[in-house]
Amino acid sequence: MRLFQKIAFAIGACGLLLGNAAFAQQTLPLGILGGLSGQASGGADQSGSGLYGQAQGLGGAGLGSGLLGGGGFIDTTRPPTLGNGGNSAQAGNKQGNGNSTQTLPARPITAFQQFVYDTTGKLLPYFGDSALSKSVSLDADNQPVSADYEIGAGDEIYVRLWGSVNASVDATVDRDGQITIPSVGTFPVAGVKARNLDSYLSGQISKYYKNFNISATMGKLGGVNIYVAGQALAPGMHTVSSTSTLASVLFGVAQPGANGSYRNVQLKRDGKVVASFDLYDLLRNGELKGDRKLQSGDVVFVGQAGTRIALNVDGPSAAIYEVKPGETLNDVLNIAGTDRTLLRQDTVLIEGFNDANAQAPRQVEQISYQRALTETKLHNGDIVTVFPARMEFSNAVTLRGNVASPARYPYFPGMKVSDLIPDADMLIKPSYYKKKGALVTFDKQEARKVLQDQSKPGFRPAGSDEKVDSPQGLTKNDLGEENASLNEVEDTITNLLPTINWNYAVIQRLDKVDLKPLAIPFNLRKAIAKDPAADLQLQPGDVVTIFSAQDADVPQADKTPLIKVTGEVKAPGYYQVQPGETLRDVLVKAGGLTPDAYLFGTVFTRKAILDQQQKQMKKALQQAERMLVSAQNSNLASAVTVNEAANAQKQLDSQKEYLDRLSKIKPDGRMVLEIKPNANKLADLPPLELVDGDAINVPPVPGQVSILGSVYSQGAFVYQKGRTIFDYLDLAGGAAKGSDEGSIFVIRANGTVDSARQGWVPFVSGLYGSKALPGDAIYVPEDYERVSVMRSLLDISQVFYQVGLGA
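With the sequence shown counted from 1, adding 621 to any position gets you our numbering.
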């Protein structure tokens, strides 16, 4: 017999493993096999010490986890298999006292659950199942004892006596209701309440002894044998704690089975019904009406389930409910605790059985919501579908886009665009006033600090207890610094309000006949002016969208460019120009040039060019990094000796350093203007049309020419008219021995470059006879064959960096 028990235990363990594997792989056959193995194990040990019974519980749990699992929560997306699986977390829990372990079988999928799944595609739980599956049995040794507990056979009492008599005993109440204290006596205690135990025993012992003290406390409680019958999950005799009540065993050994009632659990004593318990009263209202303490020999009878209906609704209220005679859908929704705000208030569908029609025994009925709540009688097997509330508004028109307050606005008959947008103030976004406030609220130092703080994760605004994950409040754009770094906050003027697209806005509408979306454009400026051709009539559900120039580029004629002019002009500042106005026009508005203006060195920058330069530089650096990695792998692979590998690594480090330096060079967005060196009047400027954000700087005439590179004396030399490029090279001592004289180049103040390699005469420098100009930077590179190319490139990048810094 013991060998068979061991085999049974092994089968039960396999049941657990297979059941869990079935759950992980969502494969039902393995879950079924695991559960059957566990049940076979349990059948092999009905009278053992509980070890093999535990194996049965694990096997049953394996069966359950193959389908339901999750502590009693049912996966409604997975199809059920009738008679398999379960969700009882009671498997393996201890009930009662002693060494025996009583295990509940897994809760099966019922025929009605399968029927509801086949109809709705949802595997709905029974209301109350989750509460039963989460219940936990306490060990009898740790159960609290109430003051009204009446002592009975099997209870342990710890008695301590000191004084004229000394004793310490752990006494157990015998079948006659008595305890024995050695050397003191035997005393009846059955029926004594726990609160009176000390005084009662003191009175009994004082009949024989005087001048003593006593302490009597309850120990381990005895169990009572009860019988579970009817439609229970585990019918039979069970030993439970002597503190157990009808409600407590309902959550334990007396759980309803597949056809058991949750609302009609009876307590029978001496052949009479002494109490009835409704689990819904407890779950719905927190009431323990009908709960009674159990006595040995009591029968807990689980009645046949009454009328069952399925509530098909979105959310956790979707379940199978047991209803009593006279209860309506209103009662079911109250039991479920459904949020009725989110339910559709016009219609309910009820699918049920029609016994009068044998050919088509089922029928569906559409009933008004109010009638279904209180008037419609529910029948066994009904599936009640309550729809979620519709998102449609009956009288709303939506305004969105570049507007002050995007929202849904109430519609009224005859409503037009001009009623929704009565004036231009409706198009001023709140950010406009926020930016205006920031202009006077923050100085440079404070603005820099705010921007730095907001760029940190977990920024907490002043006076707030709530952290934010992303920068909020003041931004770089608020200060007019779209491209400024946090360390370069400067005063500037920009257009605080985005340019409105006055010629185009759109109404989005759903054609209720063909159910086609419609896009109806209109002229916004004319609509606000109530032009009948543009002031279109609206309909409920329309969405009106207003665009800015950032959403869709608008014609130049509709823009108002703001241009920054600095340097050698009579009135430097910010100027608003009209569409079509040019570089010359804005310098006229700035009062014209001063006598010191160096028109040839004019620096013109544009935001669009800066963005393009940044993108191109990023792509070039990424490509260079890829080429560097490829070259590194190739050089290291071809290295034969340690020295060759070391040299390859040094070259790699040098190249990386060069790329790092390049990445730190910031584009300036400069556009090279084709201006003659001797230009001195505005008519000499190109007729370049301006756009918003352009910046113009006219520098004074520089007084120096710079010599850099492979010469004997680098530095800046005083400009003297008439001197050539080679005159200044002579002043620097001429090209050094290791220089590449054929590659000398000059960076002019206007951004152009002249080099020795230009020109059409062979073996004659393209710079021969070329005059030096104020602000020139002459660079003599080293010979590429004598030094590394990367070294030269580093030097060239340094030249460009210094020239840019000087400009």
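Don't be surprised by glycine CBs; every beta carbon is placed ideally from N, CA and C.
Coil, strand or helix - residue i by DSSP
i       : result
Gly655  : Low confidence applies here, because Gly655 scores a pLDDT of 33, under 50, leaving its location unreliable; read the following figure in that light. Helix, per DSSP.
Asn720  : Note that Asn720 scores a pLDDT of 36, beneath 50, so its modelled location is shaky; the value from the coordinates is reported in the next line. Coil.
Val1312 : coil
Asp769  : coil
Ala1398 : strand
Ile1365 : coil
Tyr883  : strand
Thr1262 : coil
Ala1393 : coil
Arg1378 : coil
Met1292 : strand
Asn1268 : helix
Ser1386 : coil
Asn1254 : helix
Asn1301 : coil
Ser785  : coil
Ala604  : For residue 604 there is no data in the structure shown, the boundaries of the chain being 622 and 1428.
Pro1142 : strand
Asp1099 : Residue placement at Asp1099 is poorly supported in this model, since its pLDDT is 45, which falls under 50; the coordinates still yield a value, given next. In the structure shown, Asp1099 sits in a helix (DSSP, three-state: H, G or I).
Gln1158 : strand
Leu888  : strand
Val813  : coil
Arg1282 : helix
Ser1052 : helix
Lys1358 : coil
Range covered by the beta strand (DSSP E) that runs through residue i
i       : result
Glu943  : 940-944
Asp819  : It is not in any beta strand (DSSP E) - Asp819 instead sits in the alpha helix (DSSP H) that spans 818-826.
Tyr1125 : 1121-1132
Tyr1030 : 1028-1031
Leu909  : That residue, Leu909, is in no beta strand (DSSP E); it is neither H nor E in DSSP.
Ala848  : The amino acid at residue 848 is misidentified as Ala; the sequence shows Tyr. 844-851 is the extent of the beta strand (DSSP E) around Tyr848.
Thr928  : 928-933
Val861  : 857-862
Ser1331 : Looking at the DSSP string, Ser1331 is not in any beta strand (DSSP E), and its letter there is neither H nor E.
Cβ shell of residue i (< 6 Å), same chain only, five flanking positions each side left out
i       : result
Leu672  : Unreliable placement is indicated for Leu672, whose pLDDT of 27 sits below 50; the coordinate value is still reported in the next sentence. Answer for Leu672: no residue qualifies.
Ser823  : Ile835
Arg1029 : Ala1017, Thr1019
Gly775  : Gly843
Thr838  : Tyr779
Phe1008 : Arg965
Gly911  : Ala896, Ser897, Phe898
Pro1308 : Thr1203
Ser1327 : Ala1337, Ala1398
N- and C-terminal bounds of the alpha helix (DSSP H) containing residue i
i       : result
Gln565  : Since the displayed the chain opens at 622 and closes at 1428, residue 565 lies outside it and no answer follows.
Val1038 : 1038-1041
Asn906  : 900-906
Ala732  : 732-741
Arg1146 : 1145-1149
Phe1347 : 1346-1352
From the options, residue whose alpha carbon lies closest to that of residue i
i       : options                            : result
Ile847  : Ala837, Ser865, Asp1232            : Ser865
Leu1131 : Ala931, Gln1160, Ile988            : Gln1160
Ser917  : Ile1296, Pro1119, Met858, Thr949   : Met858
Val1367 : Gly1213, Ala1357, Leu1352, Gln1379 : Gln1379
Val786  : Phe833, Thr740, Asn817             : Phe833
Leu1283 : Tyr829, Lys1240, Ala1266           : Lys1240
Ala1148 : Gly947, Ser1039, Glu771            : Ser1039
Ser804  : Gly812, Ile826, Ser820, Tyr821     : Ile826
Leu818  : Val845, Asp891, Lys889, Arg781     : Arg781
Ser767  : Ile800, Leu954, Gly742, Arg816     : Arg816
Residues near residue i by beta carbon distance below 8 Å, same chain, minus five either side
i       : result
Ala926  : Gln852, Pro877, Asn880, Gly881, Ser882, Tyr883, Glu943
Ala1025 : Asp1046, Met1047, Leu1048, Ile1049, Lys1050, Pro1051
Arg1247 : none
Glu996  : Thr949
Leu1208 : Val1186, Val1190, Leu1214, Leu1303, Leu1306, Ile1317, Val1319
Lys945  : Arg884, Gly927, Thr928
Own chain partners of residue i with C-beta closer than 7 Å, once the 5 adjacent residues on each side are dropped
i       : result
Asn1301 : Leu1220
Asp791  : Glu777, Tyr779, Gly840
Leu904  : Gly749, Ala752
List, from N- to C-terminal side, the alpha helix (DSSP H) runs of 4 residues or more that fit wholly inside the region 956-1017. 990-995
Starting from the N-terminal side, write out each stretch of the beta strand (DSSP E) that is 3 residues or longer and does not extend beyond the region 1162-1224. Within the region 1162-1224, the beta strand (DSSP E) runs of at least 3 residues that lie entirely inside it are, in chain order, 1164-1169, 1183-1188, 1194-1197.
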